[in-house]
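The structure appears below as structure tokens.
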Amino acid sequence: MKLMNPKMRSKLTEALAAVGPVIIIVLALSFTVAPVSPSVLLSFLMGAVLVMVGMMFFTLGAEVSMTPMGEKVGVKMTQTKNVPLIVLLSFVLGVIITVSEPDLQVLAELVPSVPNMTLILAVAVGVGVFLVVALLRMLLGVALSYLLVVLYIIVFVLAFYVPVGFRAIAFDSGGVTTGPMTVPFIMALGVGISAIRNDRHAADDSFGLVALCSVGPILAVLILGMIFEPGNSNPGLIHAIHIEDTVELWKIFSVELPAYLREIAVSLLPIVAFFGLFQVISLRLSRRNLGKIVVGLIYTYIGLVLFLTGANVGFMPAGSYLGSVIAGNYPLLLIPIGAVIGYFIVKAEPAVYVLNHQVEEITDGAISARAMGTCLSLGVAVSVALAMTRVLTGVNILCFLIPGYAVALGLSFVVPKIFTAIAFDSGGVASGPMTATFLLPLAQGACVSVGGNLVTDAFGVVAMVAMTPLITIQILGLVTVIRNKKRAPAEYIPDLDEDAIIEL
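Quick note, the sequence shown lines up with residues 3 to 506 if you use the working numbering.
Structural data, given as structure tokens:
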């Protein structure tokens, strides 16, 4: 008797492949250089089970509901050919999905000097404005590279006028707010809009929305940093869990579960309401198609609740404890260990699955999900190694971000347009809840252990994770072009070579 259908079994296998290496690494560290208490280890393992089951439901739900919803809304908005209406709807949608993002609540707590609602609304407006910019760019055919250069020049100029305490958190905000709720819908929206275009660059322009929406939160927090004085208090540390038996272990998770049930319900409600309004006024999908979307939304809801409960309750204490022990006993090992963890942990990001498979689908397999995954893993490995170097040395984050973005923006002029758009999208996608709930606590624990400054040294991990994939994915584009250029013309990959050959 089969307990689950083949599709669900396939998703569970993918989730196990994504989370399994992280479990093995943590177990290996626990029994060697970083011994942890049984309480921390048990809570981590319990959290890992919830994360895997949550990933299974989320990836299935996103495929069945969030992606079709975004594509249908995008197509319908563009078909109106009413630019003021498109601008208004895009702005409202950007604000709604940002307020819906659970990670934004975490960001608000990290900036004690700014009222939570002020920060949330500022970031939401920033994303709304830049979603409008992103959609207008697609409709008008504006080159993404030039737009990104102008925007990041503005970002880095503003960064020099903002107190040091705001810089790392501002750049972290760009990755945090493009999380599992936002990314599937925004990416599908881009695919839907590009679907009604007949020109040869439509596929290229279907990506890039996440890239531009990631700039909005950075600018919003930088502007707030020019208005508010940074607080003197450090963000609260994650404390290790102490339990006596398995009943207490269950109580820890069961106490937090209702909070996430409410939080994700509130997060999904605005998106569901927006889509429901579209359905009544314009879409009018059949009962069968609407039923599939409803079932997919239920899967998405269950998946996010389980994933975030497991990650926040099980992974955060383990990350903080490991960081503290490793930095206290073997500080130099923190850099290679961080790189290894970074390589594997990005595979467990829910939105990474959505990006990789959407890229493979849009490019008809020319850019495989496997190649995307490998390049993302390499990029995140480098970024976490650099972030741990910052924790140990206290180097200013701008010393890494300015050269990194300079290289990434420079590459954008010599690789195919689609690779630039995918690369800058991947930065926001890679820096999701797994980064916030494991890598950031890892950096915080290490920072406290070596006596560093939490705000200036520990924060910035998300920003680093968001930066390096911009370079590795574009290098993948260069390699692809060079390989295709050596083949016979008949074997060239459509839409990837013509622009590249001219540019090279």
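We put the CB at the ideal spot given by N, CA and C, even for glycine.
A distance below 8 Å between beta-carbons, with the five flanking residues on each side excluded, links V125 to the following residues of its chain, in chain order: T100, L106, L109, S175, T179, G218, P219, A222 and V223. Annotation for A438: no alpha helix (DSSP H) segment contains it, and DSSP assigns it neither H nor E. By the Cβ criterion, the region 357-372 is not in contact with the region 282-300, since fewer than three pairs of Cβ atoms, one from each stretch, lie closer than 8 Å.
Membership of R11 in the alpha helix (DSSP H) is indicated by the continuous run P8 to S32.
Put simply, the backbone Cα of V89 is about 43 Å away from that of P319.
For S326, the three-state secondary structure derived from DSSP is helix.
Note on F276: 16 or more other CB atoms within 10 angstroms of its CB, so buried under the neighbour-count rule. The three-state reading of DSSP puts T179 in coil, since its state is none of H, G, I, E or B. Around the beta-carbon of P260, fewer than 16 other beta-carbon atoms lie within 10 Å, marking it exposed. Across the set L95, I343 and S196, the C-alpha of S196 shows the shortest separation from the C-alpha of L141. Around the beta carbon of Y163, a 10 Å sphere encloses fewer than 16 other beta carbons of the protein chains shown; the residue is thus reported as exposed. Rounded to whole angstroms, the gap between the alpha carbons of L306 and S269 is 10 Å. Between G462 and A170 the beta-carbon gap is near 4 Å, inside 8 Å, which marks them as a contact. Looking at the backbone, the Cα of E65 and that of P333 are separated by about 42 Å. When the beta-carbon positions are compared, G210 and G76 stay at least 8 Å from each other. Relative to the Cα of G312, the nearest Cα in the group V55, P37, M10 and A19 belongs to V55. Per DSSP, A460 lies in no alpha helix (DSSP H) segment and is marked neither H nor E. Rounded to whole angstroms, the Cβ separation of V342 and I27 is 6 Å, and the two are in contact under 8 Å.
Boundaries cannot be given for D247, as no alpha helix (DSSP H) includes it and DSSP labels it neither H nor E. L251 places its beta carbon less than 8 Å from that of L44.
T69 places its beta carbon less than 8 Å from that of P186. Taking one beta carbon from each stretch, the region 386-403 and the region 445-465 have 3 or more pairs nearer than 8 Å; the two touch.
L472 places its beta carbon less than 8 Å from that of G429. Cβ neighbours of T422 within its own chain (closer than 7 Å, five residues either side excluded): L146, S147, S414 and Q476. K294: member of the alpha helix (DSSP H) spanning R289 to T311, first to last residue. Around the beta carbon of I484, a 10 Å sphere encloses fewer than 16 other beta carbons of the protein chains shown; the residue is thus reported as exposed. Judged by DSSP in its simplified three-state form, S269 adopts helix. Sixteen is the threshold: since fewer than 16 other Cβ atoms of the shown chains lie within 10 Å of the Cβ of C401, the residue is exposed. The straight-line gap separating the alpha-carbon atoms of F440 and T82 is approximately 44 Å.
Counting C-beta atoms within 10 angstroms of its own C-beta, S32 has 16 or more neighbours from the protein chains shown and is therefore classed as buried. With respect to the 8 Å criterion, V348 and V384 are not classified as neighbours on the basis of their beta carbons. Listed in chain order, the non-local C-beta contacts of Y407 below 6 Å within the same chain comprise Y154, local neighbours out to five positions each way being set aside. Here the alpha carbons of V450 and L456 stand approximately 7 Å from one another. Linking V356 to P182 through their CA atoms gives a straight-line distance of about 9 Å.
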